[in-house]
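S.K.: The numbering of the sequence shown is the working numbering, which starts it at 41 and goes up by one.
Every residue gets a Cβ at the ideal spot worked out from N, C-alpha and C, and that includes glycine.
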Amino acid sequence: MDDAQPVFRFAPSPNGELHLGHAYSALLNHHMAREAGGRFLLRMEDIDRARCSLENERRIEADLHWLGVEWDEPPRRQSIHFADYAAALDALIAEGLVYPAFMSRGAVRAFAEHYAEREGRSWPRDPDGALLYPGEERGLGEVERAERIAEGEAFAWRLDMASALARLGRLDWLETGAGPEGETGRVAAEPSRWGDVILARKEIPTSYHLAVVVDDALQGVTHVVRGRDLFHSTSVHRVIQALLGLPAPVYHHHDLILGDDGRKLSKSAGDVSLKALREAGLTAADIRRMVGF
Numbered sequence: 041m042d043d044a045q046p047v048f049r050f051a052p053s054p055n056g057e058l059h060l061g062h063a064y065s066a067l068l069n070h071h072m073a074r075e076a077g078g079r080f081l082l083r084m085e086d087i088d089r090a091r092c093s094l095e096n097e098r099r100i101e102a103d104l105h106w107l108g109v110e111w112d113e114p115p116r117r118q119s120i121h122f123a124d125y126a127a128a129l130d131a132l133i134a135e136g137l138v139y140p141a142f143m144s145r146g147a148v149r150a151f152a153e154h155y156a157e158r159e160g161r162s163w164p165r166d167p168d169g170a171l172l173y174p175g176e177e178r179g180l181g182e183v184e185r186a187e188r189i190a191e192g193e194a195f196a197w198r199l200d201m202a203s204a205l206a207r208l209g210r211l212d213w214l215e216t217g218a219g220p221e222g223e224t225g226r227v228a229a230e231p232s233r234w235g236d237v238i239l240a241r242k243e244i245p246t247s248y249h250l251a252v253v254v255d256d257a258l259q260g261v262t263h264v265v266r267g268r269d270l271f272h273s274t275s276v277h278r279v280i281q282a283l284l285g286l287p288a289p290v291y292h293h294h295d296l297i298l299g300d301d302g303r304k305l306s307k308s309a310g311d312v313s314l315k316a317l318r319e320a321g322l323t324a325a326d327i328r329r330m331v332g333f
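(1) Nearest by alpha-carbon distance to E243: which of I87, L283, A51 is it?
(2) Work out the CA separation of R268 and L298 for me, nearest whole Å.
(3) Alpha carbon to alpha carbon, how far is S53 from L81?
(4) For G61, which of helix, strand or coil comes out of DSSP?
(5) Measuring alpha carbon to alpha carbon, tell me which residue in R161, S273, Y155 is nearest A228.
(6) Could you please give me the residues that DSSP links to E110 through a beta bridge?
(7) Does the separation of the CB atoms of N69 and C92 fall below 8 Å?
(8) List, from N- to C-terminal side, the alpha helix (DSSP H) runs of 4 residues or more that fit wholly inside the stretch 61-109.
(9) With distances taken from CA atoms, which of L137, G136, E135, A152 is nearest M143?
(10) May I ask which residues mark the beginning and end of the alpha helix (DSSP H) holding E153?
(11) State the start and end residues of the unbroken beta strand (DSSP E) segment that holds L205.
(12) By Cβ distance, which residues of its chain are closer than 7 Å to I100, with the 5 residues on each side in sequence left out?
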């Protein structure tokens with residue numbers, strides 16, 4: 041492959057059927073790749089093995105074929121590449137930038153509620169609305185950490201964001217789409233808004249943030265085209281890329297396809313799938329027109 045050739049990708053999670061929002065993102069990626077004379081890849085982000093299935097993968101592939109979206113090599117399935125993510129995580133652990141944290145979501149919520157009651161103000165949240173991890177276990181000694189892990193206590197590997205940013209300094213990325221506030225061009229990353237994000241868990245050697253960065257680098261992705269709901273995640277991805285010495289793609293965050301109530305379409309909310317629309321008599325051309333193609 042020519043190193044200068046653009047590479048785009050569509051990366052759904054096979055935990056349900058595709059809807060119009062997925063159709064728009066897949067078609068946009070495919071269109072931009074072909075317009076640029078580049079390659080288009082399909083990736084199955086299936087690290088959540090409890091919710092993802094091969095059956096859903098086949099349905100996704102069938103929907104894409106029906107839409108006229110074709111990919112240039114066999115799909116990459118994350119679940120068979122855990123060793124790649126574990127190697128990246130081990131590198132960060134060796135640098136002292138990742139640590140095991142034992143507080144559950146419930147414990148974080150209890151901590152935040154206690155703080156709010158004591159201080160009279162709410163605990164900060166990340167850009168997705170989740171309560172920030174308080175960092176109470178960042179300073180645990182190695183012996184205590186090892187003992188708790190040996191006892192089988194559940195934990196997550198968290199990035200020491202303050203240490204990472206002290207090492208890296210200012211980060212940014214090239215945005216050719218737009219963020220929620222219209223951000224475009226060179227955009228300053230704001231990873232501190234996320235706090236000490238989870239990069240892996242005891243039972244799964246990766247998270248979305250770590251896997252997507254490693255995959256994009258290994259697959260030579262040069263252009264990441266995805267929904268605006270992932271705009272703020274790019275700040276975390278830039279940190280991981282910089283720490284691992286990986287290249288930064290060009291990012292293009294696009295509009296979301298919304299339901300009649302103004303809500304983002306979602307598989308979990310039971311929004312109408314492409315399969316259902318096809319069975320109702322709509323053609324691929326109908327779908328393409330519905331999403332602006």
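M.R.: Looking at the coordinates:
(1) Looking only at I87, L283, A51, the smallest Cα-Cα distance to E243 is reached by I87.
(2) 12 Å
(3) 14 Å
(4) helix
(5) S273
(6) None; E110 has no bridge partner.
(7) no
(8) 94-107
(9) A152
(10) 145-159
(11) No beta strand (DSSP E) holds L205; the alpha helix (DSSP H) holding it covers 201-208.
(12) P52, P54, L58
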